[in-house]
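Trainee:
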Amino acid sequence: MLIRPRPWFAVPAAALALAAIALGLAVLAAQPPQAPGQFRPRPAEGRDPELPPPSIREYKPRSTLVVPQHPVPRAKFPAIDVHGHPPSPTSATEYAQVVKSMDSLNVRLMIYAGNNNSTRMPAVLAGIKSSPNPDRMVAFTNINVSDVGPGYGRRAAAQLETDVKAGAKGLGEIMKGFGLTARTSDGSRVKLDDPELDPIWETCARLGIPAFIHTGDPAEFFQPLDYSNERWLEMALYRDRRYFDRSRYPSFNDLMAERDRLFAKHPKTTFIVAHMGWHANDLGRLGAMFDRMPNLYTEVGAILYDLGRQPRAAREFFTKYQDRILFGKDSFQPDEYPYYWRVFETNDEYFDYYRDYHAFWKLYGLGLSDEVLKKVYYGNALKIIPGLPRAGFPPV
Ligand SMILES: [Zn+2]
Numbered sequence: 001m002l003i004r005p006r007p008w009f010a011v012p013a014a015a016l017a018l019a020a021i022a023l024g025l026a027v028l029a030a031q032p033p034q035a036p037g038q039f040r041p042r043p044a045e046g047r048d049p050e051l052p053p054p055s056i057r058e059y060k061p062r063s064t065l066v067v068p069q070h071p072v073p074r075a076k077f078p079a080i081d082v083h084g085h086p087p088s089p090t091s092a093t094e095y096a097q098v099v100k101s102m103d104s105l106n107v108r109l110m111i112y113a114g115n116n117n118s119t120r121m122p123a124v125l126a127g128i129k130s131s132p133n134p135d136r137m138v139a140f141t142n143i144n145v146s147d148v149g150p151g152y153g154r155r156a157a158a159q160l161e162t163d164v165k166a167g168a169k170g171l172g173e174i175m176k177g178f179g180l181t182a183r184t185s186d187g188s189r190v191k192l193d194d195p196e197l198d199p200i201w202e203t204c205a206r207l208g209i210p211a212f213i214h215t216g217d218p219a220e221f222f223q224p225l226d227y228s229n230e231r232w233l234e235m236a237l238y239r240d241r242r243y244f245d246r247s248r249y250p251s252f253n254d255l256m257a258e259r260d261r262l263f264a265k266h267p268k269t270t271f272i273v274a275h276m277g278w279h280a281n282d283l284g285r286l287g288a289m290f291d292r293m294p295n296l297y298t299e300v301g302a303i304l305y306d307l308g309r310q311p312r313a314a315r316e317f318f319t320k321y322q323d324r325i326l327f328g329k330d331s332f333q334p335d336e337y338p339y340y341w342r343v344f345e346t347n348d349e350y351f352d353y354y355r356d357y358h359a360f361w362k363l364y365g366l367g368l369s370d371e372v373l374k375k376v377y378y379g380n381a382l383k384i385i386p387g388l389p390r391a392g393f394p395p396v
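Each residue of the sequence shown is one higher than the last, beginning at 1 in our numbering.
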């Protein structure tokens with residue numbers, strides 16, 4: 001025979017009240033104080049998944065969000081990539097391939113900012129000049145920052161001048177080893193504002209060419225590698241992106257302070273600070289630098305994930321500092337450029353980024369105005385880098 005439990009209303013009221021008070025006291029005793037209006041318990045509090053949780057690399061949830069999509073395979077205006085690392089134009093076949101990719105992306109001009117130097121410069125310049133597309137690429141020259149001692153700066157400056165006379169349009173990209181690993185002749189770390197290097201920056205000013213400098217890396221690379229680090233995956237993948245050992249590397253802020261002293265000390269030199277100075281996650285800091293140093297410009301290579309997660313603040317920043325920002329991509333992967341166009345040009349929401357170890361979040365479009373796009377894509381580069389081919393660019 002079926003025994004039915006007694007319904008709750010059949011329990012004597014006094015017993016029910018006592019039970020409720022006891023339960024209430026027990027709950028109060030077990031819980032820390034809570035904010036007024038806070039509901040508890042939180043649904044997942046104290047629960048463990050009944051299935052093994054996926055790893056950081058396995059969990060790739062399909063987005064169920066349905067919103068309009070506007071992929072942008074070609075830039076709206078012809079672009080100049082000031083942070084170009086394409087294959088060397090010394091190979092005619094590869095140069096032709098690069099130009100083909102540029103055509104499909106609407107990149108009109110590529111600045112070859114590779115690790116060039118006086119030895120390689122003649123071949124690089126000849127490769128561009130002798131190609132069927134001599135107006136699609138220009139080269140910057142570079143200096144080899146190592147063994148810095150008395151006389152180094154003057155020698156490097158003389159080499160720079162020779163390369164510029166031969167056709168180089170700027171200096172850089174000076175890579176991040178300058179500041180992190182480059183050594184003086186006595187074995188100490190070369191400081192970015194080392195006075196021995198002053199002749200180089202003074203020569204840039206005299207020749208009217210920009211110095212394009214990459215300093216450091218994202219601030220998180222200088223922090224301990226723990227589960228609260230936003231770049232945990234990237235640092236776990238790449239041993240050489242861990243700078244938390246203070247016996248080997250300066251702190252992020254000390255390094256950036258050195259950099260800023262260098263820029264401030266040479267107000268007549270035009271500096272392009274690569275990767276938005278690694279302050280794309282702190283645009284107020286970069287804005288303060290722009291306000292303080294009129295000789296400073298930047299480019300947007302490899303920090304798209306930081307712009308795309310703050311579309312409103314980033315649009316405001318690009319609008320305010322539209323005369324100071326240049327387009328640059330860094331690593332030459334033709335299929336990655338359209339992500340930049342989409343972030344800059346559209347108001348699309350919550351779309352994929354291309355590299356999981358840079359960012360585990362989605363991107364949003366900034367919807368920049370045509371006026372801002374033209375300056376960022378090519379106008380500012382034409383303004384601060386003398387002698388660029390100007391054909392094919394509409395008036396800004
Ligand atoms: Zn680079």
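For each residue, glycine too, the CB sits at the ideal point set by N, CA and C.
Express the C-alpha separation of P89 and F317 in angstroms, rounding to a whole number.
Mentor: Going by the C-alpha atoms only, they are around 35 Å apart.
Trainee: Taking the beta strand (DSSP E) that V107 falls in, what are its first and last residues?
Mentor: From DSSP, the beta strand (DSSP E) with V107 extends over 107-112.
Trainee: Does DSSP put E173 in a helix, a strand or coil?
Mentor: E173: strand per DSSP, three-state reduction.
Trainee: Between the beta-carbon of F393 and the beta-carbon of P78, is there less than 7 Å?
Mentor: Going by C-beta atoms, F393 is nearer than 7 Å to P78.
Trainee: Around the Cβ of L296, are there at least 16 other Cβ atoms within 10 angstroms (buried) or fewer (exposed)?
Mentor: Classification of L296: buried, given that the 10 Å Cβ count is 16 or more.
Trainee: Put L28 into one of helix, strand or coil per three-state DSSP.
Mentor: Model confidence at L28 stands at a pLDDT of 47, short of 50, so the residue's coordinates are unreliable; what they give is reported in the following sentence. Three-state DSSP puts L28 in a helix.
Trainee: Does the distance from the CB of L65 to the CB of Y305 come in under 7 Å?
Mentor: No, the Cβ-Cβ distance between L65 and Y305 is not below 7 Å.
Trainee: Just tell me which of D240, W232, L171, P224 has its CA closest to the CA of H214.
Mentor: Among D240, W232, L171, P224, the Cα nearest to that of H214 belongs to L171.
Trainee: DSSP three-state label for M137, please.
Mentor: Correct three-state label for M137: strand.
Trainee: Smallest Cα separation from W341: which of G287, P86, D370, T184?
Mentor: The residue with the shortest Cα to Cα distance from W341 is D370.
Trainee: Leaving out the 5 sequence neighbours to the left and right, which residues in its chain are closer than 7 Å to K176 when beta-carbon positions are compared?
Mentor: For K176, where only same-chain residues beyond five positions count, the Cβ hits under 7 Å are H214, T215, G216, D217.
Trainee: Please classify L296: does DSSP put it in a helix, a strand, or coil?
Mentor: Note: L296 maps to strand in three-state DSSP.
Trainee: What do you get for I407, buried or exposed, if any count of 16 or more other CB atoms within 10 angstroms of its CB means buried?
Mentor: For residue 407 there is no data in the structure shown, the boundaries of the chain being 1 and 396.
Trainee: Going straight from the alpha carbon of A155 to that of A313, what length do you get?
Mentor: The amino acid occupying residue 155 in the given sequence is Arg; Ala does not appear at that position. Answer to the nearest angstrom: the Cα atoms are 44 Å apart.
Trainee: Assign K268 to buried or exposed, taking buried as 16 or more other Cβ atoms, counted over all protein chains shown, within 10 Å of its Cβ.
Mentor: That one is exposed.
Trainee: Quick check: the Cα distance between D352 and W361, rounded to an integer number of angstroms?
Mentor: D352 and W361: Cα-Cα distance of roughly 8 Å.
Trainee: Count the other CB atoms within 10 Å of the CB of P210; is the residue buried (16 or more) or exposed (fewer)?
Mentor: So P210 ends up on the buried side.
Trainee: Tell me, please, which residues DSSP counts as bridged to H83.
Mentor: Its beta-bridge partners do not exist; DSSP assigns none.
Trainee: Quick one: what does DSSP say T184 is sitting in, helix, strand or coil?
Mentor: In this structure, T184 counts as strand in the three-state DSSP scheme.
Trainee: In the segment 47-98, which residue ranges form an unbroken beta strand (DSSP E) of at least 3 residues, counting only runs that do not cross its ends?
Mentor: Segments of the beta strand (DSSP E) lying fully in the segment 47-98: 79-85.
Trainee: Consider the C-beta atom of E418 and the heavy atoms of ligand 1; say whether any pair is separated by less than 6 Å.
Mentor: A query on residue 418 cannot be resolved here, the shown segment of the chain reaching from 1 to 396 and no further.
Trainee: Is it true that the CB of L262 sits closer than 7 Å to the CB of M276?
Mentor: No. Outside cutoff.
Trainee: Considering only C-alpha positions, which residue in the set V343, L125, K60 is nearest to A92?
Mentor: Here the closest residue by C-alpha is L125.
Trainee: Mind listing which residues have their beta carbon within less than 6 Å of any non-hydrogen atom of ligand 1? Chain order is fine.
Mentor: Result (chain order): H83, H85, E173, H214, D330.
Trainee: By DSSP, does S104 sit in helix, in strand, or in coil?
Mentor: Reduced to three states, the DSSP call for S104 is helix.
Trainee: Identify the continuous beta strand (DSSP E) that holds F252 and give its terminal residues.
Mentor: Per DSSP, F252 belongs to no beta strand (DSSP E); it is in the alpha helix (DSSP H), 252-265.
Trainee: I need the straight-line Cα distance from N380 to D147, nearest angstrom please.
Mentor: Cα to Cα, N380 sits roughly 35 Å from D147.
Trainee: For L326, list the residues DSSP reports as bridge partners.
Mentor: In the DSSP output, where bridge partners are listed per residue, L326 has E299.
Trainee: Would you mind stating whether A139 and Y112 have Cβ atoms separated by less than 7 Å?
Mentor: A contact, by the Cβ cut-off of 7 Å.
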